[in-house]
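**Q**
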Ligand code: HEM
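Numbering (our numbering), first residue to last: 361 to 519.
Next up, the structure:
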């Protein structure tokens, strides 16, 4: 039996972590923006429920954002280090990482604001929920596209 290459195992774990946290981040964000947040226009009671559900979700949102960023940075260095990236690959990767970083940086706007901050004082970097989702979806699609058209070195994978 061939020995197990620890580098290949780490690569597989990183991709799985990145893909799973991307699904949680994007799916939950879409549900929040399209299903929950519009309900705030209804009664105060409904608004309170929406706010409570945002609070409940906060740790998942922060956790999936941290995992996306951490695994993404590691994947980026790993993919660039193999030296096989064409100019098109690097160009698409720059767009993908840029969209992902801006989406993550602006996504705090989807979380409930602290009571003291409820009046419209500008705080942090905010985009509309839809803009955050569009950038996140772009990062998602470009990630899948890159891994399909420039598959990782098969000799570095689990065999
Ligand atoms: C909203 C944020 C993000 C989403 C939704 C997202 C989503 C994805 C998805 C679905 C993949 C494909 C996984 C696979 O097939 O193996 C991927 C790949 C990747 N992502 Fe992200 N990502 C995000 C942010 C980031 C960030 C911030 C970075 C870097 C700092 C990053 C770096 C990468 C890299 C390097 C790949 C591998 C591309 C390749 O195969 O060549 N991602 N991403």
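Idealized CB from N, CA, C, for every residue including glycine.
Can you look up residue 479 in the DSSP assignment and give me helix, strand or coil?
**A** With a pLDDT of 49 at residue 479, under the threshold of 50, the modelled position of this residue cannot be trusted; read the value that follows with caution. The answer is coil: DSSP assigns residue 479 none of H, G, I, E or B.
**Q** Skipping 5 residues on each side, what residues in its chain have a beta carbon closer than 6 Å to that of residue 485?
**A** The answer, listed in chain order, is 465 and 466.
**Q** Is residue 486 near the ligand HEM, going by C-beta to nearest heavy atom under 7 Å?
**A** For the ligand HEM, not one heavy atom lies less than 7 Å from the Cβ of residue 486.
**Q** Answer yes or no: do residue 492 and residue 458 have a C-beta to C-beta separation smaller than 8 Å?
**A** Contact flag unset, no.
**Q** Since residue 406 and residue 399 should fall inside the 8 Å C-beta cutoff, what is the C-beta to C-beta distance between them, to a whole number of angstroms?
**A** Right, their Cβ atoms sit about 5 Å apart.
**Q** Taking a contact to mean a Cβ-Cβ separation below 8 Å, would you say residue 435 touches residue 374 in this structure?
**A** Contact flag set, yes.
**Q** For residue 395, tell me which candidate among 379, 414, 449 and 508 has the shortest Cα-Cα distance.
**A** Here the closest residue by C-alpha is 414.
**Q** At the level of alpha carbons, what is the spacing between residue 423 and residue 505?
**A** Distance between the alpha carbons of residue 423 and residue 505 is about 25 Å.
**Q** With a threshold of 16 other CB atoms inside 10 Å of the CB of residue 385, please say whether the residue is buried or exposed.
**A** With 16 or more Cβ atoms within 10 Å of its Cβ, residue 385 is classed as buried.
**Q** Can you tell me where the alpha helix (DSSP H) with residue 458 in it begins and where it stops?
**A** It spans 447–466 - the alpha helix (DSSP H) in which residue 458 sits, taken as one unbroken run.
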